[in-house]
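Novice: This is the structure, below, for whatever I ask next.
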Amino acid sequence: MNIFRLVGDMSHLLAIIILLMKMWKSRSVAGISGKSQILFAIVFTTRYLDLFTSFVSIYNTSMKVFFIGTSYVTVYFIYQHFKPTYDSNHDTFRVEFLIVPVGGLAFLVNHEFSLLEILWTFSIYLESVAILPQLFMVSKTGEAESITSHYLFALGSYRALYLLNWIYRYYFEGFFDLIAVVAGCVQTILYCDFFYLYITKVLKGKKISLPA
Amino acid sequence: SSSSEPKDEL
């Protein structure tokens, strides 16, 4: 563990807590893409299947349980509990255009042709594009609530910090995972436009409107 | 090196 990965995990944790608090306090999921949240639930489910087979640490296990649990609660909030406030007319991204290519790529490009490894690879590839329905929805509605912007900033920062973690681990531990690094770069690049708007607008108290 | 060692990252 290093500071970049720890701060990254905390940023990820914060993003999920911000989202749940927004939903619970405002009793509304307005502006939130249910499709992205479904993709995140798939990402965690396919990535953490080793939850019961391999133990790394209390931290690792508890974070995995938290991520899986909260991802399903979030999907439940959107499609059940706060369904009347779900803006399905603006959440129209065709996720099959993400899942099918990502599934094919995971099958072809992986570190080891085993079920667990292919599912892990699928999860890594899928996570890199899972935010697209949310960014698409923000561009369609034309703006995002500031709390949603904070959620997106924390979520985008987590993988950017993981990139620093991989640089650190490469130089100090000789650890290198090309699949995770490439997918992490794609994932972080997708946030660049948003990061720019967040820093130039939200931090000055303005609202975000995409496309800029 | 390939990374099919046990995954210790989230």
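So the protein sequences, as listed, match chains A and B.
Under our numbering, the final residue of the first sequence carries the number 990; numbering is consecutive throughout.
Under our numbering, the final residue of the second sequence carries the number -6; numbering is consecutive throughout.
For glycine and all other residues, C-beta sits at the position ideal for the given N, C-alpha and C.
1. What's the call for Gln965/A, buried or exposed, on a 16-neighbour Cβ count within 10 Å?
2. Given this structure, state the Cα-to-Cα distance separating Ile794/A from Ser935/A, to the nearest angstrom.
3. Using a Cβ-Cβ cutoff of 8 Å, what residues of the segment 789 to 809 of chain A are near chain B? List them in chain order.
4. Can you check whether the CB of Phe845/A is closer than 7 Å to the CB of Phe822/A?
5. What is the DSSP secondary structure of Ile986/A, counted as helix, strand or coil?
6. For Val907/A, which residues of its own chain have a beta-carbon under 6 Å away from its beta-carbon, when the five flanking residues on both sides are left out?
7. Measuring straight from C-alpha to C-alpha, what distance separates Trp944/A and Val887/A?
8. Do Ala932/A and Ser789/A have their beta-carbon atoms positioned less than 7 Å apart in this structure?
9. For Val785/A, return the contacting residues in chain B, with the cut-off set at a CB-CB distance below 7 Å.
10. Below 8 Å on the Cβ atoms is my contact criterion, and I expect Val807/A with Met801/A to pass it. Report the Cβ-Cβ distance as a whole number of Å.
Specialist: Put simply:
1. In the first sequence, counting from the first residue as 1, residue 965/A sits at position 187. By the neighbour-count rule (16 or more Cβ atoms within 10 Å), Gln965/A is buried.
2. As a working note, residue 794/A is residue 16 in the first sequence. As a working note, residue 935/A is residue 157 in the first sequence. Straight-line measurement puts the Cα of Ser935/A at about 13 Å from the Cα of Ile794/A.
3. Hits within the stretch, in order: His790.
4. Counting from 1 along the first sequence, the entry for residue 822/A is found at position 44. Counting from 1 along the first sequence, the entry for residue 845/A is found at position 67. For the pair Phe822/A and Phe845/A, the CB atoms are nearer than the 7 Å cut-off.
5. Residue 986/A sits at position 208 when you count from the first residue of the first sequence. Ile986/A: strand per DSSP, three-state reduction.
6. As a first step, residue 907/A must be located in the first sequence, where it is residue number 129. If we look at Val907/A and ignore the five residues flanking it on each side, its Cβ neighbours are Leu876.
7. Within the first sequence, residue 944/A is the residue found at index 166, counting from 1. Within the first sequence, residue 887/A is the residue found at index 109, counting from 1. Distance between Trp944/A and Val887/A, taken at the CA atoms: about 20 Å.
8. Position 11 of the first sequence, counted from the first residue, corresponds to residue 789/A. Position 154 of the first sequence, counted from the first residue, corresponds to residue 932/A. Yes, the Cβ-Cβ distance between Ser789/A and Ala932/A is below 7 Å.
9. Taking the first residue of the first sequence as 1, we reach residue 785/A at position 7. Here the premise fails: no neighbours, minimum Cβ distance about 13 Å.
10. Here residue 807/A refers to the residue found at position 29 of the first sequence. Here residue 801/A refers to the residue found at position 23 of the first sequence. The pair is a contact, with the Cβ atoms about 5 Å apart (cut-off 8 Å).
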